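Okay, structure first, notes after.
2 protein chains.
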Amino acid sequence: MNRSLPPLTGRGELIQDAVQLVAAYPKTALTVDCVIFGFEENELKVLLIRSDLQAYKGLWTLLGDVVNESEDLNEAAYRVLRERTGLNDIFLEQVQSFSAPGRHPGGRVTTVAYYSLINVRHHKLRKLDNEVHWHNLESIEAMGFDHKDILDVCHQRLQRRVQEHPLGFNLLPDKFSLRELQNLYEAILDIKLDRRNFRKKFFSMDFLIDTEEYEVDVPHRPGKLYKFNFQKYQRNQKKWFGIDF
Amino acid sequence: MNRSLPPLTGRGELIQDAVQLVAAYPKTALTVDCVIFGFEENELKVLLIRSDLQAYKGLWTLLGDVVNESEDLNEAAYRVLRERTGLNDIFLEQVQSFSAPGRHPGGRVTTVAYYSLINVRHHKLRKLDNEVHWHNLESIEAMGFDHKDILDVCHQRLQRRVQEHPLGFNLLPDKFSLRELQNLYEAILDIKLDRRNFRKKFFSMDFLIDTEEYEVDVPHRPGKLYKFNFQKYQRNQKKWFGIDF
DNA sequence: TTATATTGTGTAAAAAATACACATTTTTGT
DNA sequence: ACAAAAATGTGTATTTTTTACACAATATAA
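Chains A and B, in that order, are what the protein sequence lines are.
When the letters of the first sequence are read in order and numbered with the working numbering, they come out as residues 1 to 245.
When the letters of the second sequence are read in order and numbered with the working numbering, they come out as residues 246 to 490.
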């Protein structure tokens, strides 16, 4: 940012004391809120906690926390994930900030929204947080604060990203069948896909590793299990063009 | 956001006094910074001002300002645009926030980055701001604060968006030739495009209005001038799918 | 053994993207 | 007046991508 506008003085007068300048600015509390997506039983899920504010009693909210004094935004978001899920190296993306003056009953609080994709099997919820639960994305209605808006914006971002990058794998177990993969895409995008074309598409991208293993305990012909070839994907980061309004 | 983590107490104890809660949070100053893109002489431009901080003497910075006490982020960003360019109803999009603890020499300042597209002919720079100038995007090197990073991120966002929505028209005069349009896309995306295919593409999208007028004062055969059919575009907001890593 | 459920597979048609060249129109310079 | 320069305007063939669509094979459950 730059100088506050009204006292524009033309040219030349440089501000010596930046600390004094910033001290005079209005201040806001700063938080991060994480939309943590998971996938289970062919449904897209979100991890929510009950609001601890009387004002939102009974309502669900996103997992978030205050950003500490000398902490960057990403650090804070990773910390929230780590503290809540025990998971460390996770996909995480900043989405956007929300700062409507009335969005928090306690005063001005600016929040930076993130979303994250985790494998619901790989984490253990913190014991004490017995109000932390996975929710079906579809079934979520009212939430505390403006968290429903944040959730919707993050879901839209996910829908978009998952078509540009193979992020979906973060939600799946290490080994997965193509049907699971397709169910995942259908759940995220909320559409039906053609099975043969879906397979063709993913095979042609050529970063599925055939494990030569098969599903077990399914009440029908078991499908082959694949792994995602992260290395190959990272080597071939696709160039990108095509006007497409 | 939700409760601060360390003193997790299990369940049940709702916070009555949200104001007291927020009062105890660390605070940050909050600003918006606008990357204002323009297009002139076939070059993508950005509007910059000289830093008014001694610490960044001589360096260029984005146009920004503090977010006022009861102002939302978008309001603040529109205000910056209005105050700097005199323009009111302009395309503007929030990109992301930057809050590294050391990013401002005066203490913690969180900034929310926006980008905006304006027609360089439609505005008059504020008289007093005689250090506000258009810069060739290509030629920008060091900047004050972390503004070069912000600029780069916003440019990437623009490159992406301009292929999903016909935003480019915001940078052009009301009437424009197809060559100007192509030059614009080539400047934004920093690539060469095939002239015939480019024309085909845009004609097939069918929101160019033929004005039956032609360029004047060009040292060669003049091209036809077109207008952009905003209404038609808004009616046909395209649905969207195609996995495309 | 049969019914059920799901996997695995290929081709044809349609749509979209790409590569590519020449005649036309205007201005500028002689 | 003419020639040179510069850019416009236009169409087709090829390749690539997307879409639509059906049946045999394999495993489990009854």
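Cβ coordinates follow ideal geometry from the N, Cα and C atoms, glycine included.
Just so you know, these numbers come straight off a predicted model, no measurement behind them.
Rounded C-beta distance between residue i and residue j? I'm assuming under 8 angstroms.
i, j, result
"A:D217", "B:P346", "The Cβ separation is near 51 angstroms, so there is no contact."
"B:F390", "B:Y301", "7 angstroms"
"B:A274", "A:K27", "6 angstroms"
Would you decide whether residue i is buried or exposed? Buried here means 16 or more other CB atoms lie within 10 Å of its CB.
i, result
"A:T111", "buried"
"A:T211", "exposed"
"B:V264", "exposed"
"A:Q16", "exposed"
"B:D439", "exposed"
"A:D206", "exposed"
"A:Q156", "exposed"
"B:K290", "buried"
"A:L158", "buried"
"B:I297", "At residue 297 of chain B the sequence reads Asp, which differs from the Ile that was named. Burial call: buried."
"B:Y360", "buried"
"A:R108", "buried"
"A:Y214", "exposed"
"A:H220", "exposed"
"B:A387", "exposed"
"B:Q408", "buried"
"B:P467", "exposed"
"B:R248", "Caution applies to B:R248, whose pLDDT of 48 falls short of 50 and renders its modelled position unreliable; the value that the coordinates give is listed next. Flag for B:R248 reads buried."
Considering only their Cβ atoms, is the gap separating residue j from residue i smaller than 8 angstroms?
i, j, result
"B:G283", "B:V365", "yes"
"B:V277", "B:G309", "yes"
"A:I150", "A:A113", "yes"
"A:Y78", "A:L92", "yes"
"B:D330", "B:I294", "Correcting the residue type first, residue 330 of chain B is Thr in the shown sequence and not Asp. No, the Cβ-Cβ distance between B:T330 and B:I294 is not below 8 angstroms."
"A:L81", "A:H122", "no"
"B:I363", "B:I335", "yes"
"A:Q94", "B:Q339", "no"
"B:L287", "B:N428", "The sequence shown places Asn at residue 287 of chain B, rather than the Leu named in the question. Contact flag set, yes."
"A:L21", "B:G351", "yes"
"B:Y430", "B:L453", "no"
"B:Q299", "A:L189", "no"
Give a yes or no on contact between the region 67 to 82 of chain A and the region 219 to 231 of chain A, applying the rule of three or more CB pairs nearer than 8 angstroms. Segment contact: the region 67 to 82 of chain A against the region 219 to 231 of chain A, fewer than three CB-CB distances shorter than 8 angstroms; contact not assigned.
The region 197 to 205 of chain A in contact with the region 178 to 187 of chain A per 3-pair CB rule at 8 angstroms: Touching, yes.
Answer yes if the region 166 to 173 of chain A comes into contact with the region 129 to 138 of chain A, meaning at least three C-beta pairs across the two stretches below 8 angstroms, and no otherwise. Contact fails: fewer than three Cβ-Cβ distances are below 8 angstroms.
Could you run through the region 351 to 368 of chain B and flag, in chain order, every residue whose CB is less than 9 angstroms away from some CB of chain A? Listed by position along the chain: G351, G352, R353, V354, T355, T356, V357.
To be precise: take each residue of the region 269 to 296 of chain B, compare its Cβ to all Cβ atoms of chain A, and keep it if any distance is under 8 angstroms. Which residues remain? Those residues of the region 269 to 296 of chain B placed with their C-beta closer than 8 angstroms to a C-beta in chain A are Y270, P271, K272, T273, A274, L275, T276, V277, D278, I294, S296, ordered along the chain.
When you check each C-beta in the region 332 to 353 of chain B against every C-beta of chain A, which residues fall closer than 7 angstroms? So the close ones are Q339, Q341, S342, S344, A345, P346, H349, P350, G351, G352.
Contact list for the region 147 to 159 of chain A against chain B, Cβ threshold 8 angstroms: Within the region 147 to 159 of chain A, contact with chain B at the beta-carbon level (separation under 8 angstroms) is assigned to no residue.
What residues in the region 52 to 73 of chain A have a beta carbon less than 8 angstroms from any beta carbon of chain B? Answer in chain order: D52, L53, Q54, A55, K57, T61, L62, L63, G64, D65, V66, V67, N68, E69, S70, E71, D72, L73.
Any C-beta of chain A within less than 7 angstroms: which residues of the region 256 to 267 of chain B qualify? Using a CB distance below 7 angstroms, the part of the region 256 to 267 of chain B facing chain A consists of R256, L259, I260, Q261, A263, V264, L266, V267, ordered along the chain.
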